[in-house]
Amino acid sequence: MALYAPEKIKENFVELQQRIAEACQRVGRDPAEVRLIPVTKEFSPAVVELAYEAGYKQVGENKVQELVDKHESLKQDGAYEDLDFILIGHLQSNKARFMTEHVAEFHALDSLRLAARLDRFMEEAGRVLPVYVQVNTSKEDSKYGVSASEALDFIDECAQFKHLRVVGLMTLAINSKDEDEVRHCFRTLKTLRDQAQLKYPEVTRLSMGMSGDFEIAIEEGATDIRIGQMIFGPRDIPNELAHFWPENTPHSN
Ligand SMILES: *Cc1c(COP(=O)(O)O)cnc(C)c1O
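For the sequence shown, position 51 (counting from the first letter as 1) is numbered 51 according to full-length UniProt numbering, and the numbering increases by one without interruption.
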């Protein structure tokens, strides 16, 4: 893991907010509409503390076990009470019970079986979990998510789960250097969100955009961008989900 120095990370947050503002300006959006979720996966809990100190009290993790471990190590002695973890990656049904205590939001709901289990655990815990339905907009086998053609029916089915609240959609764009292909994925998600919102007004959010493609995502309407490598440093294991790093980053110029 090539973690940047704390000073560099601080600068990266500032630079990232500038680029968010510029992308918003290009399409006449208010930067306050875009939430940056720092993605701390594969980095130590100290990295979560750096994000927190920079003012980000919600961080993203893609594996529930790693999330739980970090949560437990940080919350000892009652510290970080206002820190929330967001699970942005696939969850196996048999791990749904970890969600009640440790996860504030879930961005990768992709099966009804999982939804039913999550709903039951949330009911027992007496809470309602905000969820985003993950849509496989690129149609790549390597990616999770319901297909675009199933997404609206899937949201209809989710209405039966009283302890889940579908608030948005999430996607990972195609691994491609062709900007049009990437943009197409984001547009597909926004179109689905617009359709779902007609029936379910609370479906407002679009979780899309990572280190390599967040500016395109913002231009296409992202409300949540999930960014790791650009802030904290390149991961050793290349992101199997998107190979944008390191060609297309502020650090290469
Ligand atoms: C890792 C990850 C990200 C962030 O990717 P970076 O390249 O580090 O910005 C975003 N979303 C998901 C689902 C991820 O697993």
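Glycine is no exception: its CB is placed at the ideal position from the N, C-alpha and C atoms.
Find the nearest neighbour of residue i within the set the options, judged by alpha-carbon distance.
i, options, result
"Asn94", "Glu33, Arg117, Asp213 and Asp180", "Arg117"
"Asp82", "Val135, Ile88 and Leu74", "Leu74"
"Gly228", "Leu114, Ile216 and Val48", "Val48"
"Asp141", "Cys158, Gly126, Arg127 and Ala173", "Ala173"
"Val128", "Asp119, Leu91, Gln134 and Val135", "Asp119"
"Arg183", "Thr223, Ile218, Gln65 and Val146", "Ile218"
"Asp156", "Ser138, Met1, Gln197 and Gly55", "Gln197"
"Phe154", "Arg193, Ser138, Pro45 and Asn175", "Arg193"
Within 10 angstroms of the Cβ of residue i, are there 16 or more other Cβ atoms? Answer buried if so, exposed if not.
i, result
"Asp77", "exposed"
"Trp245", "Unreliable positioning characterises Trp245 in this predicted model, as indicated by a pLDDT of 39, which lies under 50. The coordinate reading is nonetheless provided below. Buried."
"Thr40", "buried"
"Glu247", "Per-residue confidence for Glu247 stands at a pLDDT of 38, beneath the threshold of 50, marking its modelled position as unreliable; the derived number appears in the next sentence. The residue in question, Glu247, is exposed, as its Cβ has fewer than 16 Cβ neighbours within 10 Å."
"Gly28", "exposed"
"Glu42", "buried"
"Asp110", "buried"
"Arg205", "buried"
With DSSP as the reference, label residue i as helix, strand or coil.
i, result
"Gln134", "strand"
"Asn12", "helix"
"Asn253", "At Asn253 the pLDDT is 30, less than 50, meaning the model places this residue with poor confidence; the figure from the coordinates comes in the next sentence. Coil."
"Val34", "coil"
"Leu67", "helix"
"Arg235", "coil"
With residue i and residue j assumed to form a contact (beta carbons below 8 Å), what rounded beta-carbon distance in angstroms separates them?
i, j, result
"Leu16", "Leu3", "So it is not a contact: roughly 16 Å between Cβ atoms."
"Val203", "Leu164", "About 12 Å; that fails the 8 Å criterion."
"Thr100", "Phe121", "5 Å"
"His107", "Val68", "That belief does not hold up - the Cβ atoms of His107 and Val68 are roughly 17 Å apart, past 8 Å."
Could you tell me which whole beta strand (DSSP E) segments of length 3 or greater appear in the segment 108–193? 129–134 and 164–170
Scan the segment 76–109 and note each continuous beta strand (DSSP E) run of 3 residues or more that stays entirely inside, going in chain order. Every unbroken stretch of the beta strand (DSSP E) spanning 3 or more residues and falling wholly within the segment 76–109 is given here in chain order: 84–87 and 105–109.
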